[in-house]
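Residue numbering for the sequence shown follows this note's numbering, beginning at 184 and increasing consecutively. C-beta: ideal position from N, C-alpha, C; glycine also. Here is the structure we will look at.
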Amino acid sequence: MIGLVGVIWVGHNQTQEMVQTQPMKLAAAEGLWHTEDPASFSLFTLVDQDHDQDIVSIRIPYLLSVLAYDDIKGPVQGILDIQKEYEAKYGSGNYVPNITVSYFSFRIMVYVGCFLLLVAVLALIYMLRKKPIEKMKFLKLFPYFLFLPYLCNSAGWILAEMGRQPWVVFGLLKTQDAISPNVSAGMVLTSLIGFTLIYGVLMVADVYLLIKYAQKGAGSEIDSNSAAAVKA
Ligand code: HEM
């Protein structure tokens, strides 16, 4: 729970930073077409990026301004307004990242993060109430939640990388200009295959060992230790 509060707090601060430094990433992560003040937070939005419009959008008024400024007022720029501003500033081009990817990676990270916090709070309440462990049936679900922080991490990373497109360094260097002339496509493919193979082998070994020792159970190690002690 302490870890989650820390991560969510840092995430919240990153959002407040993002509204200043990478407004397009936030606008895409919110599916916000037009500048709003106060700005609404999207609960669920599906966009049609080819036609610059929503397919469906459920929004909570004021909430995005609250998240971005800790205030019920405060402007959050929209995708189309920023696009116009960047065309004037950086020349013609498409400055809008993939909205659906940015939007859902943000939502998966935030919603799953909040869900995990809820679960941790529930466990803490049960603990403080000294509820017997046999009565906490929901603990059985915990092993299935193990992969959720990995999901949040991957979603956060995808948001960070995809949301900043078409820039490698926002406002300074475009992805299309950042390609190294010394590295050929064949070299990239070879190293990618190499990394995939190495990580694949490590993953197989890891899963094998995890299953092997999990099936043995925690007691087996203690038993073999005490047997060795008796022998000695
Ligand atoms: C629930 C509230 C959360 C909020 C408001 C939030 C907010 C953010 C924001 C705004 C970014 C993008 C930063 C950028 O591109 O400049 C980000 C990235 C990231 N987030 Fe979250 N986050 C939350 C929860 C989580 C959780 C629970 C995890 C992991 C368990 C997580 C892991 C990450 C990671 C790994 C990145 C990528 C950082 C990078 O590569 O630069 N976030 N988050």
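Burial state of residue i (16 or more Cβ within 10 Å)
i           : result
residue 339 : buried
residue 335 : buried
residue 280 : buried
residue 212 : buried
residue 219 : buried
residue 328 : exposed
residue 337 : exposed
residue 288 : buried
residue 192 : exposed
residue 390 : exposed
residue 230 : buried
8 Å contact criterion, which residue i and residue j should meet: CB distance rounded
i           : j           : result
residue 252 : residue 349 : No, residue 252 and residue 349 are not in contact; Cβ-Cβ is about 27 Å, not under 8 Å.
residue 207 : residue 262 : 7 Å
residue 282 : residue 354 : So it is not a contact: roughly 20 Å between Cβ atoms.
residue 247 : residue 224 : 4 Å
residue 226 : residue 243 : 6 Å
residue 202 : residue 249 : Not confirmed; about 12 Å, so no contact.
residue 265 : residue 210 : 6 Å
residue 189 : residue 285 : So it is not a contact: roughly 24 Å between Cβ atoms.
residue 270 : residue 276 : 7 Å
residue 216 : residue 235 : 7 Å
Residue i - partner residues in DSSP beta bridges
i           : result
residue 356 : 352
residue 242 : 225
residue 230 : 237
residue 193 : According to DSSP, which records beta bridges pairwise, residue 193 is partnered with nothing at all.
residue 259 : 219
Closest by C-alpha distance to residue i, when choosing among the options
i           : options               : result
residue 343 : 194, 387, 399 and 189 : 194
residue 330 : 299, 313, 202 and 198 : 299
residue 204 : 352, 383 and 401      : 352
residue 332 : 295, 273, 398 and 192 : 295
residue 184 : 365, 320, 318 and 304 : 304
residue 257 : 308, 386, 199 and 374 : 199
residue 228 : 217, 241 and 216      : 241
residue 321 : 312, 373, 302 and 313 : 302
residue 273 : 357, 369, 231 and 297 : 357
residue 293 : 393, 326, 397 and 197 : 197
residue 324 : 313, 312 and 306      : 306
heavy atom of the ligand MN below 7 Å from residue i C-beta
i           : result
residue 217 : In the structure on display, the ligand MN does not appear, and the ligands it does have are the ligand HEM.
Every unbroken alpha helix (DSSP H) inside the segment 269 to 341 [4 residues or more]:
As far as the segment 269 to 341 is concerned, its whole alpha helix (DSSP H) runs of at least 4 residues are 282 to 311 and 325 to 328.
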